[in-house]
Structure formats: structure tokens, C-alpha cells
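Be aware that the sequence shown starts at 1, since it is given in UniProt numbering, and climbs by one per residue.
The C-beta atom is built at its ideal place from N, Cα and C for all residues, glycine as well.
The structure presented is a predicted model; accordingly, all values stated were derived computationally and were not measured.
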Amino acid sequence: MEEQQRRALRRGRARLVAALRVERLWDPLEQRGLFTRPMLEELQSAGSRGEQARQLIIDLETRGKQAFPAFLSILRDTGQGDLAEMLIQECESRPVPPQLLDLRPVELELRDEKQRKRLPFLTGIVSCWISQQALGIRSLIVTCPCQDYDMKADPCGHCLILNNVSFSRDSGLSTREGSDIDCEKLERRFRALRFSVLTRRDLKAQEMVLELLKLSRQDHSALDCCIVVILSHGCQTSHIQFPGGVYGTDGKTIPIEKIVNYFNGSNCPSLRGKPKLFFIQACGGEQRDQGFVVDCDSPEEEAPGGSLESDATPFLVSSDNMDEPDAIASLPTPSDILVSYSTFPGFVSWREKSSGSWYVETLDSVLEQYAHSEDLLSMLVRVADAVSAKGRYKQIPGCFNFLRKKFFFMC
């Protein structure tokens, strides 16, 4: 497809999504050879009529040189000639040259007399944060809207928390004392951040899968985001993109990769293009990190022992690999996904009986302090820094980030 034809589809997308009667197009699109039947079935599963129209216009750009004229002909044949004429006009119009941005620096003065100095800023495209103390205001965030995820819905989205505390005797897994404290903190925090929170406690592996599938099959069209939190014992597993696994209370594991895959663009069409966040409080293995010596004045906190526990279980390669082919065959590019792990793959994750896990305690504190002004990745760096300074044995959270834009919570 030629560039001006692609540009016409993009310019006319809003009107097409609003007015296109897609049900009339499926048979002609297949008869003209633009799409195969499986392709059309996938488009039809995209959700509402508008979502189907949007995905059709996006996919049409990839269908070759004859796709645009053939699409115009189909529109006329199905009584939608006004849309065809609109696209022709868009195709014939010249592209608007980009507006030159004013990148001259301007100077801002700090109000604090003790720290009076001038700060250079760029006008035009600006992504800067000015501290509350420096300017005497609550917060100021100036960003380009196209660089941030849209978070205008109320509630913003669903948040599912799976909290496994007590495990069957046959599983050989200990009770996760302190996990209920983690769960209560996250329930309060995500409700305050305008999410609809659902908590499930002590589920077997298959029950966890059913809850995750139930959430992924809901209609998220009116929502902007989805969050999944898992609090359980964990282990290493074989994987392609997302390492680790979590245990059900029956001692059976679910790969993180499989959990994430339930919410990808193929399996959850109404979340396409929307951020999907996963927070995993579980061990990535059983190694204990003793760290290395650095020059710092950080106080040494309580060494592991006493009330301090880990969520570790040994790494076992399962002889039953039935899930592996499914994970490999159906794992597409994981766009708009972030998976935050409480610990580096292969290492334990520490938890206090009285105050909960290091990771959740710190995550909750950072969200409380900075969610009104910082994006998610910046806050996760703060979490990693704070957790890494704790204890004699060490732990550092990390994440696998496939977000395309900055993510700001709406406070």
C-alpha cells in the first residue's frame, strides 16, 4: 500500500470507526482475497463494532498494493460510498507539514531564597518535573499527551489480587505468614488509585487459572488498564520471555508466562493497546544473595532469621510438559505489558511475619508518596533501590517492561 493511502486510512480512522458497518464487509473482504476466513474470525472477536472497525483499518494497511482500491470498491458495493469518497479526498489532500517547535530555552527562578538559581527549560516539547519544594506548588507535570497512556476512565480498570497463604500438607509448602498484611495494603492502595479490586484467597492452581481466565474474558472496552497481583510461593520454570512460576495451594505451579499470555492482544481483545500490569510477590528461585561491599552509611537491618521468611522453593524441571507447547505456540509480541517481580530470577524474596514482604511494603510506600507525580517505571526504580538496601541477605526487585508509553496513575 502506498504511503498516501496509509495516511488516508489513518486520517479517516475516527470517522470510519464511528460509522463503518463492518458486518456487511466480511464476505466481500474474503471473496476479494484481502483476508482469509481465520483472519476475519479474529477481527470479529475484537469486541464491539467500533473495536472491529478500528482493528480492520489497522490490519488493512498490511494487505498489499490492491487493498486500498479494493476496499473503496467494497464500501461502494455495500452502500457506504460516502466513506469511500472521504478516503479518496484524504488520499488526494497534501500532507500538512509538521509545525516547527520553539526549542529556545527559558529560565525559571526558584522561589526558595536559599537556593535561588536559574533553571533552563525547553518550551515546545517538554517532559520535566518540578519539585514541590522548589516551586511551592503541589506538583507540575508537563508532558506530550501522545507519550502517556490514556487514564480517564473511572474506575480505571480491574485489579485482581490472588493471595495464597495456607498450602496443603501434601504440597510441602509452608504457610506464608504476613501475606494477608501485603494483601490488605495493596487492596487499599489500588482502590485509592481508582481501581475496582477483587481479592481471592487460598486457591488451587486450577482455581487460579479460572479466576485469571474470567478476568481476561471480561469486556474491558470502557476501562483503561488491568492489574493482576499474585502473592504466593514461587519457583524457577522453563520459559521463553517471562521467567518464573507461582504455586497454587495444592503445590501445582503456573508459569508467569502463561498468566501474562491470558491477557495478550489475541486472548483479550478489549485490552489491546491498553496497559496490563502484573505484580508478582514470589520467589524466583532459592539462591540467597549476600551482596557485595560498597561505601555507604546505610544501616544494617535485621538479618534473615527470626520472623523473616522467604517464598523460595527448589527449581524442578517438570516431567509433564503439556503446557509448554501452548505457551510457545500462542505467545505473540507482549506489547503494553509490564511484569514487576519482587526479586531477581533465581533468588529468594524476603517476607516479615509482622509487616509483610519487603517488596510489597516498599511498593505501597512509594505509590503513596509518588503516584501523584511520577510514572510507574520511575517508581519501580525507587522500589528496587529501597529494597536492595535492606538486610544482611540481599534482594532486588526488577521488571520486564513492554509498555509503549509512560504510565501515570490517576490520583
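CA-to-CA distance, residue j to residue i, given in whole angstroms
i, j, result
"Gln-147", "Ser-335", "15 angstroms"
"Gly-251", "Ser-373", "41 angstroms"
"Ala-14", "Ile-240", "37 angstroms"
"residue 416", "Glu-184", "The requested residue 416 does not occur in the structure, where the chain is confined to residues 1 to 411."
"Ala-8", "Asn-164", "52 angstroms"
"Pro-243", "Leu-20", "42 angstroms"
"Arg-10", "Val-260", "30 angstroms"
"Phe-279", "Met-39", "33 angstroms"
"Lys-276", "Gln-44", "22 angstroms"
"Pro-397", "Val-339", "11 angstroms"
"Val-366", "Glu-23", "48 angstroms"
"Ile-227", "Leu-162", "11 angstroms"
"Thr-253", "Ser-232", "10 angstroms"
"Tyr-149", "Gly-245", "29 angstroms"
"Arg-201", "Arg-176", "12 angstroms"
"Lys-406", "Asp-77", "43 angstroms"
"Glu-42", "Ser-266", "8 angstroms"
"Leu-173", "Ser-342", "19 angstroms"
"Asp-27", "Ala-46", "17 angstroms"
"Asn-401", "Gln-66", "37 angstroms"
"Gly-180", "Arg-49", "As written in the sequence, residue 180 is Asp, which differs from the Gly given in the question. About 42 angstroms."
"His-220", "Glu-30", "29 angstroms"
"Ser-238", "Glu-85", "53 angstroms"
"Gln-369", "Asp-182", "17 angstroms"
"Tyr-247", "Met-151", "32 angstroms"
Burial state of residue i (16 or more Cβ within 10 Å)
i, result
"Gln-218", "exposed"
"Thr-62", "exposed"
"Ser-168", "exposed"
"residue 413", "There is no way to answer for residue 413, as the model of the chain reaches only from 1 to 411."
"Cys-411", "exposed"
"Arg-54", "buried"
"Pro-299", "For Pro-299, the predicted structure reports a pLDDT of 40, less than 50, and the residue's modelled location is therefore unreliable. The matter cannot be settled from this model."
"Thr-362", "buried"
"Glu-51", "buried"
"Asp-82", "exposed"
"Asp-224", "buried"
"Gln-80", "buried"
"Lys-258", "buried"
"Asp-170", "exposed"
"Ser-357", "buried"
"Ala-222", "exposed"
"Gly-12", "buried"
"Gly-178", "buried"
"Ala-18", "exposed"
"Ser-166", "exposed"
"Pro-120", "Per-residue confidence for Pro-120 stands at a pLDDT of 44, beneath the threshold of 50, marking its modelled position as unreliable; no derived number is given."
"Leu-213", "exposed"
Beta bridge counterpart(s) of residue i as assigned by DSSP
i, result
"Phe-195", "Gly-157"
"Lys-406", "Asp-148"
"residue 413", "Nothing can be reported for residue 413: it is not among the residues displayed for the chain, which extend from 1 to 411."
message: Quick test of the definition: if touching needs 3 or more C-beta pairs under 8 angstroms, does the segment 191-203 touch the segment 157-170?
response: yes
field: Every unbroken beta strand (DSSP E) inside the UniProt domain "Caspase family p20" (155-287) [3 residues or more]
entry: 157-163, 195-201, 225-231, 245-247, 253-255, 276-281, 285-287
- request: Evaluate the contact criterion for the segment 42-62 versus the segment 78-94: three or more CB pairs, one atom per stretch, below 8 angstroms.
  value: no
Stretch-stretch touch, CB-based, cutoff 8 angstroms, three pairs: the segment 67-80 with the segment 31-50: yes
message: For the pair the segment 202-222 and the segment 378-389, tell me if three or more CB-CB distances fall below 8 angstroms.
response: no
message: Restricting to runs no shorter than 4 residues, where is the alpha helix (DSSP H) found entirely within the UniProt domain "CARD" (1-90)?
response: 3-11, 13-19, 26-31, 37-44, 49-60, 67-77
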